[in-house]
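The structure appears right after this line, and notes come after that.
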Amino acid sequence: MKVNANATGFEVQKTDKIDIDHVLANKDTWKPEVFDHMLPIANIWAHENSTYIFMKAVELHDHLCPGISSGFLEAKYIEDKLPINDYNNQSYKVISCPNWCKEDYFLAAWDCTPGKSGLFAKYLTTDETDALKRKYNTSVAGIFVRWNASSNSGDGLVLGFNLDKGFNMSHSDTWPAWAWRLKMDEILMDSASSPEDFVSTIKEFHLDNLNDLQVLQGAGINPLKVLGVESS
Numbered sequence: 045m046k047v048n049a050n051a052t053g054f055e056v057q058k059t060d061k062i063d064i065d066h067v068l069a070n071k072d073t074w075k076p077e078v079f080d081h082m083l084p085i086a087n088i089w090a091h092e093n094s095t096y097i098f099m100k101a102v103e104l105h106d107h108l109c110p111g112i113s114s115g116f117l118e119a120k121y122i123e124d125k126l127p128i129n130d131y132n133n134q135s136y137k138v139i140s141c142p143n144w145c146k147e148d149y150f151l152a153a154w155d156c157t158p159g160k161s162g163l164f165a166k167y168l169t170t171d172e173t174d175a176l177k178r179k180y181n182t183s184v185a186g187i188f189v190r191w192n193a194s195s196n197s198g199d200g201l202v203l204g205f206n207l208d209k210g211f212n213m214s215h216s217d218t219w220p221a222w223a224w225r226l227k228m229d230e231i232l233m234d235s236a237s238s239p240e241d242f243v244s245t246i247k248e249f250h251l252d253n254l255n256d257l258q259v260l261q262g263a264g265i266n267p268l269k270v271l272g273v274e275s276s
C-alpha cells in the first residue's frame, strides 16, 4: 500500500501472489518490483523454523538476506557447542573477523552489542578472505567466545561457514539475484535444526584470563593471526 495523494489514507499500490513456490516456479518471467523488500520477509516468516528472535534481527538489519540467515545458523551452532549454563556469569563475546550481515543476528539474539563490549568487528581484505577459503575450504566466519566473568576465562571457537554450498544449492550462477537469494534463505532456514550442514569448527581454543580476551579484541590486531588461523 501507499499513502494517497492528499495524505488522508492509503490506497493499494499493487496486489500479487508472492508465495515462494509460485514466484520461483515463474522466476524467468515474474518480477518482484514493489514486493522486493517484502518477498523474503513474508516467505521466511511463514517458514516453520523461523523464530521471533530471527524476525527481530531482520527488523534490526532492515531486510532479510542470506547474510542474516547465516548468522542465525552460526548462533544455533554455538549455542549447541558452547551452551550458556550460568546466566549470571556467562555470556557470548564475538570478534567478527571478517564481518558481514550475520553480526546483526548476534546483536538481537545475544545482546552482545559493541556498547557493552560484546562484539568487535574487524575487516579482512579480499585477498585475505580468499586465502583463508583456500586453506580451510570454507569461509572463515568469525571468533566466538563463551566468557565467564566470574573466573575471567573463556572457551572459544573459530567458525567456518560454507557460503559456496549455499550459493550452489540456490543456483546463484543462473537464477535472477532476487530468486537465488530467496531460495538460499529458504535453504538456510531448512537447516535450523542441523546448522552443521553449513557451519564448521576451524579451531577450538581456551582463554586463561581477561588479557587473552582483550588481545583478540584490541585495535590494530588481527585475532586470526593471534590464534594461528591465519599466517603471520
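If you count the sequence shown from 1, position 185 lands on 229 in our numbering, and the numbers rise without skipping. Note that the Cβ used here is the ideal one computed from N, Cα and C, for glycine as well. Computed from a prediction, not measured in an experiment: that's the story for all the values here.
Top-ranked residue by Cα proximity to residue i, from the options
| i | options | result |
| --- | --- | --- |
| Leu-163 | Ile-139, Trp-154, Asp-174 and Phe-54 | Ile-139 |
| Ile-128 | Ser-114, Trp-74, Asp-199 and Ala-175 | Asp-199 |
| Glu-172 | Asp-72, Asp-65 and Leu-268 | Leu-268 |
| Ala-165 | Met-99, Ala-152 and Lys-146 | Lys-146 |
| Leu-117 | Arg-190, Met-45, Cys-141 and Gly-210 | Gly-210 |
| Val-56 | Cys-156, Ala-263, Glu-240 and Met-45 | Met-45 |
| Asp-10 | Thr-169, Trp-89, Phe-205 and Asn-70 | In the structure displayed, the chain extends from 45 to 276; residue 10 sits before or after that span and is not available. |
| Pro-76 | Cys-156, Thr-170 and Leu-226 | Leu-226 |
| Arg-178 | Ser-275, Gly-159 and Asn-70 | Ser-275 |
Beta-carbon gap between residue i and residue j smaller than 8 Å
| i | j | result |
| --- | --- | --- |
| Ile-122 | Phe-188 | yes |
| Trp-222 | Leu-83 | yes |
| Glu-248 | Leu-207 | no |
| Tyr-180 | Asn-143 | no |
| Ala-101 | Ile-112 | yes |
| Ile-265 | Val-273 | no |
| Met-228 | Pro-110 | yes |
C-alpha gap between residue i and residue j, whole angstroms
| i | j | result |
| --- | --- | --- |
| Lys-125 | Trp-154 | 15 Å |
| Leu-271 | Leu-203 | 12 Å |
| Ser-197 | Gln-261 | 14 Å |
| Leu-68 | Ala-86 | 14 Å |
| Asn-133 | Gly-115 | 24 Å |
| Phe-150 | Gly-53 | 38 Å |
| Asp-72 | Tyr-131 | 50 Å |
| Ile-64 | His-215 | 15 Å |
| Ser-194 | Thr-182 | 35 Å |
| Lys-58 | Phe-79 | 9 Å |
| Phe-218 | Ile-97 | The sequence given here has Thr at residue 218, not Phe. Their Cα atoms are separated by approximately 32 Å. |
| Cys-156 | Asn-70 | 41 Å |
DSSP bridge partner residues for residue i (one or two, in chain order)
| i | result |
| --- | --- |
| Glu-55 | Lys-46 |
| Ala-165 | Ser-140 |
| Glu-118 | Its beta-bridge partners do not exist; DSSP assigns none. |
| Ser-135 | Trp-191 |
Next on the checklist: Does the structure place the stretch 251-258 close enough to the stretch 101-110 that three or more beta carbon pairs sit under 8 Å?
Outcome noted: Put simply, the stretch 101-110 does not touch the stretch 251-258. Fewer than three CB pairs are less than 8 Å apart.
Item to check | At least three beta-carbon pairs within less than 8 Å, the stretch 79-94 to the stretch 230-239 | outcome: Between the stretch 79-94 and the stretch 230-239, the count of Cβ pairs shorter than 8 Å is three or higher; the stretches touch.
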